[in-house]
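A.B. asks: Next up is a structure, given as structure tokens.
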């Protein structure tokens, strides 16, 4: 039987359990590096697809809002309170699930989260009593918070330090893409196909269930589970031949034993204690996340505010430019931080934040022109700058300063701080219509940039 330690981070197995000594490597066998590349592609694709799918049950309420307001069943302020409840639960979950993923593995945490997110969305489409939306939004928030930190751990576990900036940059397009297509797709199903806002929830749940099945089948937590060296071990080991496994057998997925000791509160803060930069990034992310979530959750309503009389589908489609720019932004900032800035994550973040300040401040002049095209373009600029800074804080820099050892804990801590700020992104647009909310978010983005400037040349550890 395999011998395992109680710490999943240092999980080891006897070589004989993974690669039988009686099966010698044949001539021309592939190297560990070649096998690793295949697994990097697989894990990246699976992680990307899974997190994009999270946005369907998450944004179902955004697609349903214009129909709910039109029916008059929930007030605008009431929808803001629902968003706040969701985001508060999401913030709590971020602090918990990142540390839980370090302890129990990504496969367990993500699978559970995807399941409950899909079920919560499905029930929201079924129940006739809308007052039950509040507890279901809380369940949705807790379920949604399982995804980001755990899937960032996936990337950190299979990609070396020198490639994590680009890998995380590309991976960060998952939430931009999810936010881009989820609302238009669910809006089309709800208002064009079935003419009922409830179908936004049904269609979102269906997409999540499909992604859940794929993740459950194909996920592996660490290179060691497929007979490879750990990603932070001596890289020369990846040039060795990959030991032959008899034809027809599959890489085992060992059952990770639950540690005997109880989960401790200090585990939630392990990443912040590891590097003080994690704490600073958490504060900055608290300042910048409200702007993205305000548009993500209230974009169609904001378009109606700016252009009264537009139809539901137009209101839903205009903010697509925000998501389109968000797909490009993480790739660009990940590449810049790895190449131009030589693994320095702060300079491109500061540049993005200062550009975001300008874009948010231009909302009132742009909307006063009364042009849908101008509004769409400005939302694209806001998306480009907001998603660039967001991807750096929540993913690229979080993983870099957390290292592969604390990747899930660091992303969970930073995203937890950001999600507390995001509560304002869900609440304020429901209470303060118009341009005032954009000026508030421009101010918080400026403060975030000022906080980061002293760490301009700060570099992450190399291990």
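Numbering (my numbering), first residue to last: 543 to 1005.
All C-beta atoms, glycine included, are put in the ideal place defined by N, C-alpha and C.
Quick one: what does DSSP say residue 783 is sitting in, helix, strand or coil?
C.D. replies: Strand, per DSSP.
A.B. asks: Beta-carbon within less than 6 Å of residue 770's beta-carbon, same chain only, minus the 5 sequence neighbours each way: which residues are those?
C.D. replies: Result list for residue 770: 574 and 578, in chain order.
A.B. asks: Given residue 626, which residues of its chain have a CB within under 7 Å of its CB, disregarding the five upstream and five downstream residues?
C.D. replies: Closer than 7 Å at Cβ, skipping near neighbours: 965, 968 and 969.
A.B. asks: For residue 782, which of 844, 994, 1000 and 572 has the nearest alpha-carbon?
C.D. replies: Comparing Cα positions, the closest option is 572.
A.B. asks: Give a yes or no on whether the C-beta atoms belonging to residue 758 and residue 891 are separated by under 8 Å.
C.D. replies: No, they are not a contact pair.
A.B. asks: I'd like the span of the alpha helix (DSSP H) that includes residue 854, first residue to last.
C.D. replies: Counting along the chain, the alpha helix (DSSP H) containing residue 854 begins and ends at 854-859.
A.B. asks: Would the beta-carbon of residue 691 fall within 8 Å of that of residue 639?
C.D. replies: Yes.
A.B. asks: By alpha-carbon positions, which one of 602, 820, 612 and 715 ends up nearest to residue 954?
C.D. replies: Selected option, being the one with the closest Cα: 820.
A.B. asks: Let me check understanding here. Comparing Cα to Cα, which of 637, 868 and 623 lies closest to residue 711?
C.D. replies: Closest by alpha carbon: 868.
A.B. asks: Alpha carbon to alpha carbon, how far is residue 714 from residue 956? Give it in angstroms, no decimals.
C.D. replies: Cα to Cα, residue 956 sits roughly 15 Å from residue 714.
A.B. asks: With a threshold of 16 other CB atoms inside 10 Å of the CB of residue 622, please say whether the residue is buried or exposed.
C.D. replies: Buried.
A.B. asks: For the stretch 717-735 and the stretch 597-607, state whether three or more C-beta atom pairs, one from each stretch, are separated by less than 8 Å.
C.D. replies: Because the criterion of three Cβ pairs below 8 Å is met, the stretch 717-735 and the stretch 597-607 touch.
A.B. asks: What residues are listed by DSSP as bridge partners for residue 573?
C.D. replies: According to DSSP, residue 573 bridges with 783.
A.B. asks: By how many angstroms is the C-alpha of residue 727 removed from the C-alpha of residue 657?
C.D. replies: Approximately 21 Å between the Cα atoms of the pair.
A.B. asks: So, using beta-carbon positions, are residue 667 and residue 736 closer together than 8 Å?
C.D. replies: No, the pair does not count as a contact, with Cβ atoms beyond the cut-off.
A.B. asks: What are the boundary residues of the alpha helix (DSSP H) that residue 695 is part of?
C.D. replies: Element bounds for residue 695: 689-700.
A.B. asks: Between which two residues does the alpha helix (DSSP H) carrying residue 925 extend?
C.D. replies: Note, residue 925: alpha helix (DSSP H), 914-933.
A.B. asks: Below 8 Å, can you find three or more Cβ-Cβ pairs linking the stretch 629-646 to the stretch 664-678?
C.D. replies: Verdict: no, contact absent.
A.B. asks: Quick one, which of 822, 731 and 752 has its alpha-carbon nearest residue 992's?
C.D. replies: Residue 822 is the option with its Cα nearest to residue 992.
A.B. asks: Roughly how many whole angstroms lie between the Cα atoms of residue 859 and residue 842?
C.D. replies: In a straight line, the C-alpha of residue 859 is about 8 Å away from that of residue 842.
A.B. asks: Can you give the Cα-Cα distance for residue 603 and residue 839, rounded to whole angstroms?
C.D. replies: Distance between the alpha carbons of residue 603 and residue 839 is about 8 Å.
A.B. asks: Grab me the residues of residue 997's own chain with a C-beta within less than 6 Å of its C-beta, minus the 5 sequence neighbours each way, in chain order.
C.D. replies: Closer than 6 Å at the Cβ level, and outside the excluded window around residue 997, lie 888.
A.B. asks: Exposed or buried, which one is residue 853 when buried takes at least 16 other CB atoms within 10 Å?
C.D. replies: Exposed is the call here.
A.B. asks: Which residues in the same chain as residue 654 place their Cβ atom closer than 7 Å to its Cβ, once the five residues preceding and following it in sequence are excluded?
C.D. replies: Within the same chain, residue 654 has close Cβ partners 688.
A.B. asks: Identify which residue in 911, 591 and 834 has its Cα closest to the Cα of residue 754.
C.D. replies: Here the closest residue by C-alpha is 591.
A.B. asks: When you compare the CB positions of residue 898 and residue 920, do they come within less than 8 Å of one another, or not?
C.D. replies: No, they are not a contact pair.
A.B. asks: Chain C beta carbons: is any one of them nearer than 8 Å to that of residue 638?
C.D. replies: Absence of chain C from the displayed structure is noted, only one protein chain being present.
A.B. asks: Output yes or no for whether 8 Å exceeds the beta carbon distance between residue 983 and residue 836.
C.D. replies: Yes, the Cβ-Cβ distance between residue 983 and residue 836 is below 8 Å.
A.B. asks: Would the beta-carbon of residue 721 fall within 8 Å of that of residue 663?
C.D. replies: No, Cβ-Cβ distance for residue 721 and residue 663 is not below 8 Å.
A.B. asks: Ignore the nearest five residues each way along the sequence and tell me which others in residue 738's own chain have a CB closer than 7 Å to its CB.
C.D. replies: Cβ neighbours of residue 738 beyond the five flanking positions: 732.
A.B. asks: With H, G and I counted as helix, E and B as strand and the rest as coil, what does DSSP make of residue 615?
C.D. replies: Coil at residue 615, not helix or strand.
A.B. asks: Give the straight-line distance between the Cα atoms of residue 681 and residue 845, rounded to the nearest whole angstrom.
C.D. replies: Answer to the nearest angstrom: the Cα atoms are 29 Å apart.
A.B. asks: Is it buried or exposed for residue 882, if we count other Cβ within 10 angstroms and need 16 for buried?
C.D. replies: It counts as exposed.
A.B. asks: Could you check what DSSP says for residue 686 in three-state terms: helix, strand or coil?
C.D. replies: Correct three-state label for residue 686: helix.
A.B. asks: Is residue 581 helix, strand or coil by DSSP?
C.D. replies: In this structure, residue 581 counts as helix in the three-state DSSP scheme.
A.B. asks: Pull up the distance between the alpha-carbon of residue 834 and that of residue 862, whole angstroms please.
C.D. replies: Computed Cα separation, rounded: 13 Å.
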